[in-house]
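This report concerns only the one structure given below.
Residue numbers (my numbering): 1325 to 2591.
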């Protein structure tokens, strides 16, 4: 400490030097010291430093003054509160000084101090990120932060009272301006700490709205804007009523403009709070639009824009009128005659320079410094863009009324207005694209085209015609707007610009070749060209390659790396268009002659490929581009081919470029041109093998893919040592911790077994143990399982590694024979039974001779009462999988054995036998299906298992094969649809649903008829059956289902709670898998859905359990299903929801049962990211239930489960709080700030919040690692 004090004393002494350089250096050194976290000043040093810095604010040297101001920031958090107060007092008094320079520097100092004061909301986030977790830590942290917040409150109060006084001194405008600036800063960051001053602040600001100085008015408006988010409702109402009263005065004046501006600002900052006053405000603003005052009109449209964006619900009734006004005033240009201009255009030549010159002259002729009409046009266009961006539901109407007017205004003479017109049209196009993140299924052939798409397609010729000339304008801003619009158009309508490409070519070429074009201009042109190339078939562009290629190659050689990078991407796509290789099995037979272009494309790319002193992005794109050139044009490169391949080999050795090089080699190896890669293999394969050891997942996957292609294409050229370098690395990759890498490794083994079987002699001791371990893993499924099935079939056919049918079978089934014994007590996971059974069936399908004996052996195993249960289960499942692919009709005792197993005391054995019967029936439908149907009708005790077997049959068999049995199955199922056992009904429903998909046109109407059944059980079965017809892939039933889904959804109003519950489950399935089915029904369905979220007291009853009374809520399952539907709608149908109404029910859910609260906390977190503005409007009502959950304690003496449930509930609530705090505007809410402070000061809650933040951070890092 003494050393620091001594050092500081030396610096302070130098600051008194007469030499300005000494003072500057000493002040700079002090700033460096203050920025160190470790520095601690004693009381005397604090006082001296503060005094000296305040003195230096009056230094004659400006640079020293500025440094002194910068020192104040870090000093605030290093000194005691009394010293900060000294600083603030001095700075505030300096602001009243007669010296302008001192006022300015003191004002900067105050702003610096305010910026360093800890804000209430940000303090919580800082506390959770800066320290380790632990109760002691939380306590100490809470103490420190409370001190910081106390400092903030005291300093703010001290400053505010002086600022309010300064604002009232109208004789000194400069003091007023500085005071208003600082007050705005304080309200923006620390408004929550100034609540006691809000009323006096409002009182001091309102008179400034009529100040004779416009600058004062402007700053007063800014300050009011920062005040409104956190002020009380009473104060906000006072402000709103004051503004409305002033606007209601008879004659518009300059004050009117100010009040309209203030309204717009208040709406932007306070958002929803303005909504309740809009009915009075809107007529006034509309009236002022007709006043002949362009500036006033501009502010009116800015206010409309703010209302539309911030109060969408309240503005809904007024939107048509606002659109009408916008359309009227976006064409308002009284000083210019566009008709004359258009007449002149008819005779203009297409020469670019002449056209631009004439246009410039035209602008000069009509320019008028006093003309403010462009501001009216611009603000009306921006307002229209706000409507487009927020009202997707009006899209069809907007295409009819707004789009044509926007198109007509592309001729706008004012550049800034034109840019905003383009932005508005781009917004329209973006709204036409499917909403990102929504689960929208692919359209089917029978589906009608979206009406907005149809309307847009009709307008494409007009769009292109309007932009054709704009693309050759000298104005780069206009051209960039054109390219932005065209890029979006190409994305919305891929393939629809093909016939218009000749009209677009001159503009693209002009922007690429014009020497005056900026870098951004060229990048935008290249980016559009790339989108255009990717979204249209090759034939459209081949005829234009001659025109496009030279300027693109010229851009490849551009010195600016971003242009080069974008040009390489375009070149790559052009290569694919010149010679498409969609089918890699055959060499293309296109009539387009590509030879004249090969030299230029190759030379331009090679230059970039060889360069080493270039940007990383350019290196990677040059490698990729050359890879496409070799892959598509390699046979035309002649002697240049092999040297180029050697460059790829060099790039493979470079850590920075190796991943791109691996992907490129994969592309070349897979080429239909059969590029000769043999000269690279000896050196390249060991390098690739070494990559499999690297701790880089993307590199491993790409390398495995590359090696697989190389083995398939060049197996005859692979030497034993090359194969060895691959094989040595594969065992370590076959692990259940990463199934995708395991799958790729197994696929490589399969390719080696096919192409180089002799090289896998030792596979039984190296890679295969890992493969068998994977087969027995509970995680194995999908692609990884399919890869293993392929490998086993290849191994047994090629007899690779001396592994025959019986050897492989023994290895697969060995663990089941030992399971459950004392030596091996590890239980086998259920999934591994199914995996091994699939493997047994795969082996049997390629070894039919051995399979026959094996089937007999399995039958004996299941018959033998001494057979261990795991072996019996596996035997049944294996019999089923084998029987699925081959007819087991010759096994006469098989039916008896299976039916006897239905009486087994072991549930797993019964389930395996049921599954086996279903699969065997798939392989021998004619014999087994009649037998199964007969048994279902005559064996009620076995009915559940037999129905499961039937479900397997219906799921697996083709529609054609089931048609002859359809009526029998249908009749049998409906006999059992009213079964008292819910499990049986559910299986019947699944069978009905899957059977309906066999012949939907005939069976779906029948299913619909059954809805009128008098039995609630039958209705619930029918509704559940519909759920099973809704799958996430397009199927023939979809179009029929869309027509009658409304009838099934009417069961949401059924009298029976269970029918309503299954109707909600069906609705949830539709919303999740095929939202397009229910979009048109939402308006009628949502009221019923929301009704089911309400607690019904008539369904709550008390049950006596001995001396205790237990409350039972019979409506809980229905409510839970309703809230689950709401969550699904949030993800998949957000654009069709009234979020305000939606939030009403979320609020109720926050106070409901444990299960429902858990759901609504998740929904609230999701809403925070999807609809932050709507959530902010409800904060006051959302905070209280969250607070209640976080502060509730379980009664002493409760069981452990109650404590665990409450803890999980609190953690879930805290996740919702963390999501809310991520919304930028939340910090302005007093209720949220108070709750955040409560969390921070409570050690237990702070600890939970901290761990939640830690979990979120670690999951983010983990997702980055696995990507």
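Glycine included, each C-beta is placed from N, C-alpha and C at the ideal position.
Query - Pairwise C-alpha distance: residue 2480 and residue 2062 - result: Whole-angstrom Cα-Cα distance: 35 Å.
Report task. Out of 2167, 2075, 2041, 2201, state which residue places its alpha-carbon closest to the alpha-carbon of residue 2155. Result -> With distances taken between Cα atoms, residue 2155 lies closest to 2201.
Query - residue 2518 burial status per 10 Å Cβ neighbour count (16 or more: buried) - result: Looking at its Cβ environment, which holds fewer than 16 other Cβ atoms inside 10 Å, residue 2518 is exposed.
Query raised in the report: Can you tell me whether DSSP reads residue 1984 as helix, strand or coil?
Result: Look at residue 1984 here: in three-state DSSP terms it is helix.
Query raised in the report: Any idea what DSSP makes of residue 1800, helix, strand or coil?
Result: Correct three-state label for residue 1800: helix.
Query raised in the report: Exposed or buried, what is residue 1305 when buried is set at 16 or more other beta-carbons lying within 10 Å of its beta-carbon?
Result: Since the first and last residues shown for the chain are 1325 and 2591, residue 1305 lies out of range.
**Report entry** For residue 1975, three-class secondary structure by DSSP
**Finding:** The answer is helix: DSSP assigns residue 1975 an H, G or I state.
Requested in this report: Answer yes or no: do residue 1985 and residue 1997 have a C-beta to C-beta separation smaller than 8 Å?
Outcome: Contact flag unset, no.
Query raised in the report: If we ignore side chains and look at the alpha-carbon of each, how far apart do residue 1362 and residue 1439 end up?
Result: The alpha-carbon atoms of residue 1362 and residue 1439 are separated by roughly 21 Å.
Query raised in the report: Name the DSSP bridge partner or partners of residue 2433?
Result: 2428, per the DSSP bridge assignment.
**Report entry** Residue of 2547, 2552, 2560, 2554 minimising C-alpha distance to residue 2538
**Finding:** Looking from the CA of residue 2538, the closest CA among 2547, 2552, 2560, 2554 belongs to 2560.
**Report entry** Exposed unless 16 or more other CB atoms sit within 10 angstroms - verdict on residue 1392
**Finding:** Looking at its Cβ environment, which holds 16 or more other Cβ atoms inside 10 Å, residue 1392 is buried.
Report task. Decide yes or no for the touch test of the segment 2370-2378 against the segment 2386-2402: beta carbon pairs closer than 8 Å, at least 3 of them. Result -> Touching, yes, given that three or more Cβ pairs across the two stretches are closer than 8 Å.
Requested in this report: Report the rounded CA-to-CA distance for residue 2229 versus residue 2160, giving the unit in angstroms.
Outcome: Computed Cα separation, rounded: 24 Å.
Requested in this report: Leaving aside the five residues before and after residue 1552 along the sequence, list all residues of the same chain whose C-beta is less than 8 Å from its C-beta, in chain order.
Outcome: Cβ neighbours of residue 1552 beyond the five flanking positions: 1560, 1563, 1590, 1593, 1594, 1597.
Query raised in the report: If you draw a straight line from the alpha carbon of residue 1959 to that of residue 1995, how long is it in whole angstroms?
Result: Distance from the CA atom of residue 1959 to the CA atom of residue 1995, rounded to whole angstroms, is 11 Å.
Query raised in the report: Which first and last residues belong to the alpha helix (DSSP H) in which residue 2232 is found?
Result: Unbroken alpha helix (DSSP H) run through residue 2232: 2231-2247.
Query raised in the report: Three-state secondary structure (DSSP) at residue 2326?
Result: Residue 2326 falls in the helix class under three-state DSSP.
**Report entry** Sequence-distant residues of the same chain with beta carbon closer than 6 Å to residue 1340, five excluded per side
**Finding:** Nothing meets the Cβ criterion.
Report task. Mind checking which residues open and close the alpha helix (DSSP H) that includes residue 1427? Result -> For residue 1427, the enclosing alpha helix (DSSP H) has its first and last residue at 1424-1440.
Query - Residue from 2339, 2279, 1924, 1726 whose Cα sits closest to the Cα of residue 2299 - result: It is 2339 whose Cα lies nearest to the Cα of residue 2299.
Report task. May I have a chain-ordered list of the alpha helix (DSSP H) segments no shorter than 4 residues that lie completely inside the segment 2530-2584? Result -> Listed in chain order, they are 2554-2565.
Report task. Find out if the Cβ-Cβ distance for the pair residue 2527, residue 2483 is shorter than 8 Å. Result -> No, Cβ-Cβ distance for residue 2527 and residue 2483 is not below 8 Å.
Query raised in the report: Which residues in the same chain as residue 2353 place their Cβ atom closer than 7 Å to its Cβ, once the five residues preceding and following it in sequence are excluded?
Result: Closer than 7 Å at the Cβ level, and outside the excluded window around residue 2353, lie 2317, 2320, 2321, 2361, 2365.
Query raised in the report: Counting along the chain, where does the alpha helix (DSSP H) carrying residue 2321 start and finish?
Result: DSSP places residue 2321 in no alpha helix (DSSP H); its state is neither H nor E.
Query raised in the report: The alpha helix (DSSP H) with residue 2205 in it runs from where to where?
Result: According to the DSSP assignment, residue 2205 belongs to the alpha helix (DSSP H) that extends over 2193-2209.
Requested in this report: Just the C-alpha distance for residue 1721 and residue 2020, rounded to the nearest angstrom, thanks.
Outcome: The straight-line gap from Cα to Cα measures roughly 52 Å.
Query raised in the report: Helix, strand or coil for residue 2054 per DSSP?
Result: DSSP places residue 2054 in coil when its eight states are reduced to three.
Query raised in the report: With DSSP run on the structure shown, which of helix, strand or coil describes residue 1575?
Result: Reduced to three states, the DSSP call for residue 1575 is coil.
Query raised in the report: Exposed or buried, which one is residue 1757 when buried takes at least 16 other CB atoms within 10 Å?
Result: By the neighbour-count criterion, in which a residue is buried when 16 or more other Cβ atoms sit within 10 angstroms of its Cβ, residue 1757 is exposed.
Query - Residues near residue 2162 in its chain [Cβ-Cβ closer than 7 Å; skip 5 each side] - result: Taking C-beta separations shorter than 7 Å and ignoring five residues to either side along the sequence, the partners of residue 2162 in its chain run 2109, 2113, 2205, following chain order.
Query raised in the report: Buried or exposed: where does residue 2288 fall if 16 or more other Cβ atoms within 10 Å of its Cβ makes it buried?
Result: Classification for residue 2288: exposed.
Requested in this report: Using three-state DSSP, classify residue 1745 as helix, strand or coil.
Outcome: Three-state result, residue 1745: helix.
Query raised in the report: What residues in its chain sit with their C-beta under 8 Å from that of residue 1566, if we drop five residues either side in the sequence?
Result: Same-chain partners within the cutoff: 1530.
Query - Range covered by the alpha helix (DSSP H) that runs through residue 2007 - result: Element bounds for residue 2007: 2002-2015.
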